[in-house]
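Chains as they are written, first to last, in the numbering used here: chain A, 5 to 247; chain B, 5 to 247. All C-beta atoms, glycine included, are put in the ideal place defined by N, C-alpha and C. All figures in this text were calculated on a predicted structure; none of them were measured in a lab. Written out below as structure tokens is the structure these notes cover.
Protein chains: 2
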Amino acid sequence: MNKTLQTLWQETRESDSVRQRLYQVLRQSIIRMVLEPGQALSEKELADAFSVSRQPVREAFIRLSEAGLVEVRPQRGTYVVRISRQAVLEARFLREAVEVAIARAAAEKGLAPPVLRELNELIERQRGCIEPADHDRFYLLDEAFHRTMALEVGNTMAWRVIEDVKAQLDRVRYLSIPDSTPIAKLTDQHQAVVTAIAARQPEQAAQAMAIHQREILLSLPELERRFPTMFEASTVSATLAEA
Amino acid sequence: MNKTLQTLWQETRESDSVRQRLYQVLRQSIIRMVLEPGQALSEKELADAFSVSRQPVREAFIRLSEAGLVEVRPQRGTYVVRISRQAVLEARFLREAVEVAIARAAAEKGLAPPVLRELNELIERQRGCIEPADHDRFYLLDEAFHRTMALEVGNTMAWRVIEDVKAQLDRVRYLSIPDSTPIAKLTDQHQAVVTAIAARQPEQAAQAMAIHQREILLSLPELERRFPTMFEASTVSATLAEA
DNA sequence: CTAGACTAACTACCATACTAGTTGTATCAG
DNA sequence: CTGATACAACTAGTATGGTAGTTAGTCTAG
């Protein structure tokens, strides 16, 4: 069993339930490609590795399968799902729909000055990741940026949805490091969104967020070529449908 | 234990896992107010009632808690969550965001003639529920309408999100029967959406769907007055925030 | 009569045991 | 050597037992 899993396990809060801790560890491991797409996961093996029983492992599997990160095949096994072009496109569509609505709502209702200050501060810190490039830190700051916006519009439910679909997208993003969209460009896009919100221009905010959400589309086909084993075998019809 | 639960249990497919069957039964029961907001649910009691073990009941509880329909308080108990104004508003926001995006995408990409025919047929059957008013049948046809649109735009993920948030909204809808928005009006709104999609007018389709999604807002305050026990005690600050 | 401590009856969580179903392999018949 | 079959080693799903924590009620000390 992988060493990194043990490390992540140690980092989880002991006050949480075993199920939650396992879920977090496995989720992170899948996103970070520690557990590779297609890999089989064993309830028993993981239970032994973490010195817990099979039951919480199983419950974590169920949760992961609902998030679309693993597939549980009854009496057969549980597998890390391969990246699917269809799933990525669906996740991106969904995330755009929700985040654009959030940006528009934020511009309509307006955000309190302290919140705007917090967002701008996050953007500043993101600029600090440009040179030298620090993708890990930017990832965290980027997540914080989107989370802050979602929650400040008063919507925990929306953030949970975003968090779920983000997992699909982050796996792709992780693959595309370091030749992904430059951090500077993404940060500028964040800035554009906040500026439009501060200026109370809903359509402009929505537009800026939509542009931001479409960045990921660019690298997908190339990644599928470079990492064929990570992807679900795409049928010809599926390929044509997207053309 | 309630008689209706047993009936629903009989109707579930025996090929599904006990966990899934329990989830469906409990979900429906909560939406239909068979299990009332605030009511305590007992693992053991339900397990005995359905002649299954506590484990699948527990797993169904976990899934329900993720859908925001029950609250699991460790070592304390599991309770049907009361309707919360905040949760309803969040669910509505989220649903509007996703469904509007779907309507827009459908108008942009266009739908195949058979699909348009199917949607129009559903609308026709919905008209059949107007006089005499058949809310139960309309509910199913309405769900079918939205599901068809979501899936036809090629998005199973989006439909799953809608399905989840719909649970929150359907509970309110169930309360507001029979003095809810007239079926005729809702059907007309469906028609407007399909017409705009068929005419390939994205903005018009988005607008029509947005109007449709805002219907529910109207009845909420009155329902909160009429059924105080069904709702979460709303604090003064929360009330003010929504004003 | 009141306040605090103890107790009994719950709860969810985790561990373990058992069942039924799938799969790969080895063995045996042709 | 090939093909089918039986078996062994897995799997997830379900059942049951044990543990720690919460709660409400009662009983006792003041």
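- Taking C-alpha positions only, residue 119 of chain B is separated from residue 129 of chain B by approximately 15 Å.
- Judged by pairs of C-beta atoms under 8 Å, the region 29-43 of chain B touches the region 76-85 of chain B, as three or more such pairs exist.
- Sixteen is the threshold: since fewer than 16 other Cβ atoms of the shown chains lie within 10 Å of the Cβ of residue 144 of chain B, the residue is exposed.
- Neighbours of residue 66 of chain A in chain B, taken as residues at a C-beta separation under 9 Å, are given in chain order as 23, 63, 66 and 67.
- Within 10 angstroms of the beta-carbon of residue 135 of chain B lie fewer than 16 other beta-carbons, which makes it exposed.
- Residues 171, 174, 175 and 178 of the same chain have their beta carbon placed closer than 7 Å to that of residue 35 of chain A, with the five preceding and five following residues left out of the count.
- Between residue 22 of chain A and residue 60 of chain A, the alpha-carbon positions lie close to 6 Å from each other.
- In this structure, A:219 is the residue among A:56, A:219, A:207 and A:155 with its C-alpha nearest to the C-alpha of residue 189 of chain A.
- Judged by their CB atoms, residue 154 of chain A and residue 102 of chain A are nearer to each other than the 9 Å cut-off.
- Residues of the region 150-162 of chain A with a C-beta atom less than 9 Å from some C-beta of chain B are 157, 158, 159, 160, 161 and 162, listed in chain order.
- The beta carbon of residue 235 of chain B is closer than 6 Å to those of 86, 87 and 228 in its chain, skipping five residues each way along the sequence.
- Out of A:89, A:33 and A:31, the CA that lies nearest to the CA of residue 159 of chain B is found in A:89.
- The shortest CA-to-CA distance from residue 142 of chain B to any of B:11, B:168 and B:185 is the one to B:185.
- Taken in chain order, the complete beta strand (DSSP E) segments of 3 residues or longer contained in the region 69-144 of chain B are 74-77 and 81-84.
- Remark: C-beta atoms of residue 214 of chain B and residue 94 of chain B do not approach each other more closely than 9 Å.
- Judged by DSSP in its simplified three-state form, residue 237 of chain B adopts coil rather than helix or strand.
- The straight-line gap separating the alpha-carbon atoms of residue 12 of chain A and residue 28 of chain A is approximately 9 Å.
- Scanning the region 173-207 of chain A for uninterrupted alpha helix (DSSP H) segments of 4 residues or longer gives 187-202, listed from N- to C-terminal end.
- Interface annotation for the region 17-47 of chain A against chain B: empty, criterion Cβ-Cβ distance under 7 Å.
- Nothing from the region 192-213 of chain A brings a Cβ to less than 8 Å from some Cβ of chain B.
- Contact note: residue 95 of chain A reaches chain B through 161, using a C-beta cutoff of 9 Å and chain order.
- In the DSSP annotation of this structure, the continuous segment of the alpha helix (DSSP H) that includes residue 52 of chain B starts and ends at 47-54.
- Residue 233 of chain B counts as exposed, since fewer than 16 other C-beta atoms from the protein chains shown sit within 10 angstroms of its C-beta.
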